[in-house]
Amino acid sequence: MTQLPTATALYDIPGPQTRKRHLLYGIVSTVVILALVGWIIYLLFDTDQFTAEKWRPFQYKGIQELLLRGLGNTLKAFAYAAVLSLALGAVLAVGRLSVHRAVRWISTLLVEFFRAMPVLVMIFFIFVALKVQALPALVAGLTLYNGSVLAEVFRTGINSVDRGQREAAYALGMRKTQVTTFVLAPQAVRAMLPTIISQLVVALKDTSLGYLITYEEFLHAGS
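Heads up: the sequence shown begins at 1 in the UniProt record's numbering, then just goes up one per residue.
Take a look at the structure:
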């Protein structure tokens, strides 16, 4: 039996016209991006943003240390929130996919509640009402919100895998946990990855909310 090349088995090899069209798209996109970058640089020069006077404060050691400390605090909060959000999202997604109705309902309630709550309100409530330190309060708020969003991403990604894959795995005698872990999840990762990355970027941006609870993150230090 002749085995098809991997590239042919996965997708149709583009023809000459398709390759020309892709090349044209690439050239046009590159020109547009370069034009946009050039326009931004022009505006910066036109408004005197590169004058020595405006950059002189960054020569002081105190300001450099302040900005580096703020950057470190931002990255630390993001790292904690990212790891915990992924873990919480996985747990809630498993709960939403559970065959047990009570577990599924509780997981759905938690996901919908924390998705609907403004992340700033959660951070402020944890900091003030529960009297938690600034960093744990910020991380907890980001984790609850982003974890609930990622739970829906994981659930949708798992459900997007072709139903035949699940049925074939069950036909081989695999348990539900094995099917999800070894069959469905690896195939769903490719579909989920862009959304996961974009949600983690949201978590990184939301670390700036720490200034409301006196957490010295990068933007707060820069101001």
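For every residue, glycine included, the Cβ atom is placed at its ideal position computed from N, Cα and C.
*Where does Gln178 fall in DSSP's three states?*
If DSSP states are grouped into helix, strand and coil, Gln178 belongs with the helices.
_Contacts around Ala93, its chain only, beta-carbon distance under 6 Å, and the 5 residues preceding and following it disregarded_ = Contacts found: Ala151, Phe154 and Arg155.
*What's the gap between the Cα of Gly118 and the Cα of Arg19?*
Sequence inspection shows Pro at residue 118; the Gly mentioned does not correspond to that position. Taking the straight line joining both Cα atoms gives about 46 Å.
_Report the start-end ranges of each beta strand (DSSP E) in the UniProt domain "ABC transmembrane type-1" (71–223) that is 3 residues or longer and not cut off at the edges._
Uninterrupted beta strand (DSSP E) stretches at least 3 residues long and entirely within the UniProt domain "ABC transmembrane type-1" (71–223) do not occur.
*Taking Val183 as the reference, give the member of Leu84, Gly157, Phe78 and Gly141 with the closest Cα.*
When only C-alpha atoms are compared, the closest one is Gly157.
*Is Gly15 buried or exposed, if buried means 16 or more other CB atoms sit within 10 Å of its CB?*
Label assigned to Gly15: exposed.
*Among residues of its own chain, excluding the 5 on either side of Ala90, which ones have a beta-carbon nearer than 7 Å to its beta-carbon?*
Within the same chain, Phe154 come within 7 Å of Ala90 by CB-CB distance, once the 5 residues on both sides are set aside.
*For the 8 Å Cβ check, are there 3 or more pairs between the stretch 142–151 and the stretch 119–131?*
A contact exists between the stretch 142–151 and the stretch 119–131.
*asked:* Using only the alpha-carbon positions, how far apart do Arg69 and Ile63 sit?
replied: When only Cα atoms are considered, Arg69 and Ile63 end up about 10 Å apart.
*asked:* With three or more C-beta pairs closer than 8 Å as the rule, is the stretch 78–88 touching the stretch 194–203?
replied: The stretch 194–203 vs the stretch 78–88: in contact.
*Please classify residue 225: is it buried, with 16 or more other beta-carbons within 10 angstroms of its beta-carbon, or exposed?*
Summary: the structure shown does not reach residue 225, with the chain confined to residues 1 through 223, and so no result is reported for it.
*With Leu97 and Tyr215 assumed to form a contact (beta carbons below 8 Å), what rounded beta-carbon distance in angstroms separates them?*
Going by Cβ atoms, the distance from Leu97 to Tyr215 rounds to 35 Å, so no, they are not a contact pair.
*Three-state class that DSSP yields for Phe45 in the structure shown*: In the structure shown, Phe45 sits in a helix (DSSP, three-state: H, G or I).
*For the putative contact between Leu84 and Gly147, defined by C-beta atoms under 8 Å, what is the C-beta separation to the nearest angstrom?*
Contact holds; Cβ gap of about 7 Å.
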